[in-house]
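Take the sequence shown: its position 45, counting from 1, is numbered 44 in numbering that gives the first Met the number 0, and each next residue is one higher.
Each residue gets a CB set at the ideal place from its N, CA and C atoms; glycine is no exception.
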Amino acid sequence: MTTIHAYTGTQSLVDGPRGKDLRASRAAAENIIPHTTGAAKAIGLVIPELSGKLKGHAQRVPVKTGSVTELVSILGKKSDCRRGE
0 MTTIHAYTGT QSLVDGPRGK DLRASRAAAE NIIPHTTGAA KAIGLVIPEL
50 SGKLKGHAQR VPVKTGSVTE LVSILGKKSD CRRGE
């Protein structure tokens, strides 16, 4: 699971030191910054059957607003997309 979203208020707008995480030290408005996300864990809280089955990461991108989530799944059995018709 990948979340791609606008930079946040906790990110620096200019390059500068930010602890040991060198990626987080980059200017938010000019860089795509890989980051952690709690979204996969949160889904497990809402849908207990998925708890511990999702892994996720985030990409913070240099835009003011907007987000998208990409979820790639490996299914345990065949799926028929026409079944719901």
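Checklist entry - How should Ala-57 be labelled, buried or exposed, when 16 other C-beta atoms within 10 angstroms of its C-beta is the threshold for buried? => result Taking all protein chains in view, the Cβ of Ala-57 is crowded by 16 or more other Cβ atoms within 10 Å, so the residue is classified as buried.
Item to check | Three-way DSSP call (helix, strand, coil) for Pro-16 in this model | outcome: Of the three classes helix, strand and coil, the one that applies to Pro-16 here is coil, per DSSP.
Checklist entry - How big is the Cα-Cα spacing for Lys-52 and Ile-46? => result Distance between the alpha carbons of Lys-52 and Ile-46 is about 11 Å.
Next on the checklist: Can you tell me whether Ala-5 is helix, strand or coil according to DSSP?
Outcome noted: Correct three-state label for Ala-5: strand.
Item to check | Coarse secondary structure for Val-45, derived from DSSP in three states | outcome: Of the three classes helix, strand and coil, the one that applies to Val-45 here is helix, per DSSP.
Checklist entry - At which residues does the beta strand (DSSP E) containing Ala-57 begin and terminate? => result From DSSP, the beta strand (DSSP E) with Ala-57 extends over 56-60.
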